[in-house]
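There are 4 protein chains.
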Amino acid sequence: MKANRDEALRRLRRIEGQVRGVQRMVEEDRYCIDILTQLAAIRAALDKVGVQILDAHARGCLTAAIESGQSEVAIDELIESLERFIK
Amino acid sequence: MKANRDEALRRLRRIEGQVRGVQRMVEEDRYCIDILTQLAAIRAALDKVGVQILDAHARGCLTAAIESGQSEVAIDELIESLERFIK
Amino acid sequence: MKANRDEALRRLRRIEGQVRGVQRMVEEDRYCIDILTQLAAIRAALDKVGVQILDAHARGCLTAAIESGQSEVAIDELIESLERFIK
Amino acid sequence: MKANRDEALRRLRRIEGQVRGVQRMVEEDRYCIDILTQLAAIRAALDKVGVQILDAHARGCLTAAIESGQSEVAIDELIESLERFIK
Numbered sequence: 005m006k007a008n009r010d011e012a013l014r015r016l017r018r019i020e021g022q023v024r025g026v027q028r029m030v031e032e033d034r035y036c037i038d039i040l041t042q043l044a045a046i047r048a049a050l051d052k053v054g055v056q057i058l059d060a061h062a063r064g065c066l067t068a069a070i071e072s073g074q075s076e077v078a079i080d081e082l083i084e085s086l087e088r089f090i091k
Numbered sequence: 005m006k007a008n009r010d011e012a013l014r015r016l017r018r019i020e021g022q023v024r025g026v027q028r029m030v031e032e033d034r035y036c037i038d039i040l041t042q043l044a045a046i047r048a049a050l051d052k053v054g055v056q057i058l059d060a061h062a063r064g065c066l067t068a069a070i071e072s073g074q075s076e077v078a079i080d081e082l083i084e085s086l087e088r089f090i091k
Numbered sequence: 005m006k007a008n009r010d011e012a013l014r015r016l017r018r019i020e021g022q023v024r025g026v027q028r029m030v031e032e033d034r035y036c037i038d039i040l041t042q043l044a045a046i047r048a049a050l051d052k053v054g055v056q057i058l059d060a061h062a063r064g065c066l067t068a069a070i071e072s073g074q075s076e077v078a079i080d081e082l083i084e085s086l087e088r089f090i091k
Numbered sequence: 005m006k007a008n009r010d011e012a013l014r015r016l017r018r019i020e021g022q023v024r025g026v027q028r029m030v031e032e033d034r035y036c037i038d039i040l041t042q043l044a045a046i047r048a049a050l051d052k053v054g055v056q057i058l059d060a061h062a063r064g065c066l067t068a069a070i071e072s073g074q075s076e077v078a079i080d081e082l083i084e085s086l087e088r089f090i091k
């Protein structure tokens, strides 16, 4: 769990750096297509963090909820959360 | 479960009709932007079926797998499947 | 242009077949994860048609609109259309 | 153009703050579902910047390229860039 958290933090710090990089590109009037390429890369990196958090959630909270017979609410909120992501 | 399956089928038949509609639009040389709008609508409809199937899976197979102590493989394949969707 | 249209139609017919395939999978109570995999494939195929139509639009109508000094409206509707797609 | 650039920068700084916010959420072991909700919000914000940059590109470089009869390469790279985004 701790390894998972550290990995997510490492990725998020990298994403923060990428976002700052894009700010510089905009300030320096860099070519739009290069900026778009960079934005697409950040989005892909965000999705990877999302999947990682989802994985941790499924193995942790979701499994615990189902094992303790409280799957209903847990699955409701998982699906709602995925709906926001899958689009 | 049966209601869920019937609902998924109803949606999929509607999507099939929408895909045929876009074929006609292409054959009749309709305006590209209108075709794109229609394609985006089909994609949104597909995502809704996806979420519905996911919901059924979480409440059915996934819950059963976790309750019988076999969460590992079940969560692995769920996450893999989501990775293909979330992008 | 005609080649482009034929190619789009060919892809759309294939997508129609894939959607019918998923209907059968649902009717036969196939494993949810396999259905989700198939839905993700259809979505990717739809996106490819979308990009192809977009390409045709950019080379055709959009170029014509810009060349005739009417870029404003043409770009407005292109961006609006992309907004529906990019999400 | 300058207004557009300032607006993009403003949004990117806000996104940077959101990414730092998620880092804190992870450090504080906040509930996964809340983290996912926040990640989905950041993705939506990134997409908005992407559309804005695309808009600027279409009105600027792309229009200039088409007007000067060099639409081929300009449209090729636009479509390639969109392909990375539409998925």
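Chains as they are written, first to last, in the numbering used here: chain A, 5 to 91; chain B, 5 to 91; chain C, 5 to 91; chain D, 5 to 91. Where a beta carbon is used, it is the ideal one built from N, C-alpha and C, also for glycine.
Would a C-beta distance cut-off of 9 Å place residue i and residue j closer than the cut-off?
{"i": "Leu13 of chain D", "j": "Glu20 of chain A", "result": "no"}
{"i": "Arg4 of chain A", "j": "Leu50 of chain D", "result": "Residue 4 of chain A falls outside the range modelled here, since chain A spans only 5 to 91, and no answer is possible."}
{"i": "Ile90 of chain B", "j": "Ile79 of chain A", "result": "no"}
{"i": "Arg9 of chain D", "j": "Arg47 of chain A", "result": "no"}
{"i": "Ile37 of chain B", "j": "Glu11 of chain C", "result": "no"}
{"i": "Glu71 of chain B", "j": "Glu71 of chain A", "result": "yes"}
{"i": "Val23 of chain C", "j": "Val26 of chain B", "result": "no"}
{"i": "Leu43 of chain A", "j": "Leu86 of chain B", "result": "no"}
On the three-state DSSP scale, how would you describe residue i?
{"i": "Gly73 of chain A", "result": "coil"}
{"i": "Ile90 of chain B", "result": "coil"}
Identify the contact partners of residue i in chain D, using a Cβ-Cβ distance below 7 Å as the criterion.
{"i": "Val77 of chain A", "result": "Under the 7 Å cutoff, chain D gives no residues; its nearest Cβ is about 11 Å from Val77 of chain A."}
{"i": "Ala7 of chain A", "result": "Neighbours of Ala7 of chain A on chain D: none; closest Cβ ~13 Å, over 7 Å."}
{"i": "Arg24 of chain A", "result": "Glu20"}
At 7 Å on the CB atoms, spell out the chain A contacts of residue i, in chain order.
{"i": "Val55 of chain B", "result": "Ile83, Leu86, Glu87 and Ile90"}
{"i": "Arg47 of chain D", "result": "Arg47 and Leu50"}
Anything in chain C within Cβ reach of residue i, meaning under 7 Å, just list it in chain order.
{"i": "Ile70 of chain D", "result": "Thr67, Ile70 and Glu71"}
Which bits of chain B does residue i rub up against, with CB to CB less than 8 Å?
{"i": "Arg17 of chain C", "result": "Gln27"}
{"i": "Arg63 of chain A", "result": "Ser75 and Ile79"}
At 9 Å on the CB atoms, spell out the chain D contacts of residue i, in chain order.
{"i": "Glu31 of chain A", "result": "Arg9 and Leu13"}
How would you list, in chain order, the residues of chain B whose beta-carbon sits under 9 Å from the beta-carbon of residue i?
{"i": "Leu43 of chain A", "result": "Within 9 Å Cβ-Cβ: nothing; Leu43 of chain A doesn't reach chain B, min ~15 Å."}
Using a cut-off of 8 Å between C-beta atoms, extract the partners of residue i located in chain D.
{"i": "Leu58 of chain C", "result": "Ile83 and Leu86"}
Indicate, with yes or no, if the ligand GTP has a heavy atom lying under 8 Å from the CB of residue i.
{"i": "Glu71 of chain D", "result": "Looking at this structure, you won't find the ligand GTP or any other ligand, since it has none at all."}
In chain order, which continuous runs of the alpha helix (DSSP H) of length 4 or greater are located wholly inside the stretch 6-40 of chain C? 6-31
With contact counted as at least three CB pairs below 8 Å, one residue from each stretch, are the stretch 54-71 of chain C and the stretch 52-72 of chain B in contact? no
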